[in-house]
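Trainee: According to the numbering used here, the sequence shown is numbered sequentially starting from 5.
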Amino acid sequence: MPETKEPYTIAWDAESECIVYIDQTLLPGRYEMMRCTTIDDLARAIRRLEIRGAPALGIAGAMGVALAAVRSTEEDLGRFLDDVRRAADHLRSTRPTAVNLAWGIDRVTRKVAMAASVAEAKAIAVAEANAVAKEDELTCRKLGGFGEDLFPDECTVLTHCNAGALACRCWGTALGVIRSAVAAGKNVRVFSCETRPLNQGSRLTCWELARDGIDVTLIPDSSAAYLMRKGKIDLVIVGADRITKDAVFNKIGTYMHAVAARHHKIPFYVAAPVSTFDLSRRETDIIVEERDRSELAYCGDRQLVPDDVKVLNYAFDATPLDLIDGIITEIGVLRPPYAESFRLVGKGEETRP
Ligand code: MRU
5 MPETKEPYTI
15 AWDAESECIV
25 YIDQTLLPGR
35 YEMMRCTTID
45 DLARAIRRLE
55 IRGAPALGIA
65 GAMGVALAAV
75 RSTEEDLGRF
85 LDDVRRAADH
95 LRSTRPTAVN
105 LAWGIDRVTR
115 KVAMAASVAE
125 AKAIAVAEAN
135 AVAKEDELTC
145 RKLGGFGEDL
155 FPDECTVLTH
165 CNAGALACRC
175 WGTALGVIRS
185 AVAAGKNVRV
195 FSCETRPLNQ
205 GSRLTCWELA
215 RDGIDVTLIP
225 DSSAAYLMRK
235 GKIDLVIVGA
245 DRITKDAVFN
255 KIGTYMHAVA
265 ARHHKIPFYV
275 AAPVSTFDLS
285 RRETDIIVEE
295 RDRSELAYCG
305 DRQLVPDDVK
315 VLNYAFDATP
325 LDLIDGIITE
335 IGVLRPPYAE
345 SFRLVGKGEE
355 TRP
């Protein structure tokens, strides 16, 4: 398997017992590793999208619980667990749509609650958070292997937002499939949508793919349908932030690509780990994060809209399952009818929203 060139997007530093991560708001201009030593640091980093992307948020949630555990000064187990739960609730509230955040938090919190002493709980928290991170890499590699079978030997694919190494521990989901296809010797060209308003496509996807020597071309989100009509796109592949029993949530703009792809009879695939599934809920149960007007109203320091104009800035949209030709996971490619194929996805205990 090809090695990852970069350090992990997010990792636990055992020596100083803190979280280290690549600050994604600085890319592509600056590549800097940052540290979170408190829960407030981590919550801020998640809200500001310094750490972002569903699987990376899952790892951040898991490591956040570990951070709360090792930093707690409580010696009484009950009070220690209260500390950990308070931190977990604080982190959970930072971003409501990507289910992986809550999934990572819950996975470690549940394990910690089984400890017989504070010392044991701290050790369990760190071990489980590291296990979440390690599994993410294996998951992405497996998923990449299943997904690359769907790619013709020569193809041009469209992707939206960043579902790459930066959105995971490494390798990526949608970009992991692209990396796996390239590693298998396929000739893959990528159109990366800029992904307005925060440009995770131009800033992160283009940066990642170009560094790996993968052929990538930046396009405005609004040109995707026209390129499909001109026969320039063979398939679409995106990541996901939450998959309910009836829809796939992903970065705003994904739904319009799915509609255009169906119109032009182009396959539309989603690549996501099982941890992104939330099959006890429907689309209408989910809170879609709305972000600050400044993300749309300004480009850097330049104002783009008059002060008195309203702004609606959803971070995500939902694509109904009937527009999706396959969901690539680490357990294989799920195909319609999803009511049947989703039975293969066992997620164990329910994750709190
Ligand atoms: O707001 P973001 O940057 O966290 O949104 C990320 C996305 O929408 C990604 O496509 C999704 O998390 C999949 S990442 C493997």
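Here a beta-carbon is modelled for each residue, glycine too, at the ideal position from N, C-alpha and C. Since this is a predicted model, take the numbers as computed values, not measurements.
Could you give the residue range of the beta strand (DSSP E) that holds S196?
Mentor: Start and end: 191 to 197.
Trainee: Say whether the region 247 to 256 touches the region 32 to 40, bearing in mind that this needs 3 or more beta-carbon pairs closer than 8 Å, one atom from each stretch.
Mentor: Taking 8 Å as the limit for Cβ pairs, the verdict is that the region 32 to 40 does not touch the region 247 to 256.
Trainee: Rounded to a whole number of angstroms, what is the C-alpha to C-alpha distance between I50 and L338?
Mentor: One C-alpha to the other measures close to 30 Å.
Trainee: Could you check whether the Cβ of D140 sits closer than 7 Å to any heavy atom belonging to the ligand MRU?
Mentor: Answer for D140: no, Cβ out of range of the ligand MRU.
Trainee: For G68, which of I55, D80, V315 has the nearest alpha-carbon?
Mentor: Comparing Cα positions, the closest option is I55.
Trainee: When the Cα of A135 is compared with those of S121, G151, I109, which residue comes out closest?
Mentor: Of the candidates S121, G151, I109, the one whose C-alpha sits nearest the C-alpha of A135 is I109.
Trainee: Going by alpha carbons, who is nearest to G336 out of P310, F150, V263, D238?
Mentor: Here the closest residue by C-alpha is F150.
Trainee: Take D326 as the anchor and find which of N104, L179, E141, V263 has the nearest alpha-carbon.
Mentor: Answer by Cα proximity: V263.
Trainee: Looking at the strands, I want to know which residues DSSP matches up with M37.
Mentor: In the DSSP output, where bridge partners are listed per residue, M37 has I26.
Trainee: For D225, tell me which candidate among V240, G217, E212 has the shortest Cα-Cα distance.
Mentor: Ranking the options by Cα distance to D225, first place goes to V240.
Trainee: By the DSSP assignment, the alpha helix (DSSP H) with L95 in it spans what residues?
Mentor: Its alpha helix (DSSP H) spans residues 81 to 96.
Trainee: Going by DSSP in three states, P340 sits in which element: helix, strand or coil?
Mentor: In this structure, P340 counts as coil in the three-state DSSP scheme.
Trainee: Buried or exposed, going by whether 16 or more other CB atoms sit within 10 Å of the CB of N166?
Mentor: With 16 or more other Cβ atoms within 10 Å, it is buried.
Trainee: Please confirm if the region 201 to 216 is in contact with the region 237 to 251, defined as three or more CB-CB distances below 8 Å between the two stretches.
Mentor: No: the two stretches stay apart, fewer than three of their Cβ pairs being nearer than 8 Å.
Trainee: Answer yes if the region 292 to 307 comes into contact with the region 118 to 128, meaning at least three C-beta pairs across the two stretches below 8 Å, and no otherwise.
Mentor: In short, these stretches do not touch, since the Cβ pair count stays below three.
Trainee: Is any non-hydrogen atom of the ligand MRU found closer than 7 Å to the C-beta of P32, if you look at the structure I gave you?
Mentor: No; taking the cut-off as 7 Å, the Cβ of P32 has no heavy atom of the ligand MRU nearer than that.
Trainee: Given a threshold of 16 other Cβ atoms within 10 Å of its Cβ, counted over all protein chains shown, does R360 qualify as buried or as exposed?
Mentor: Not covered by the structure: residue 360. The range shown for the chain is 5 to 357.
Trainee: Do the CB positions of R111 and A66 come within less than 8 Å of each other?
Mentor: A contact, by the Cβ cut-off of 8 Å.
Trainee: Using the three-state DSSP reduction, which class does R266 fall into: helix, strand or coil?
Mentor: Three-state result, R266: helix.
Trainee: If you drop the 5 nearest sequence neighbours on each side, which residues of the same chain put their C-beta closer than 6 Å to that of P6?
Mentor: Legend: pLDDT at P6 = 43, less than 50; position of this residue unreliable, value from coordinates given subsequently. Only A187 meet the Cβ criterion.
Trainee: Is the region 290 to 305 touching the region 229 to 239, taking contact as three or more C-beta pairs under 8 Å?
Mentor: No contact exists between the region 290 to 305 and the region 229 to 239.
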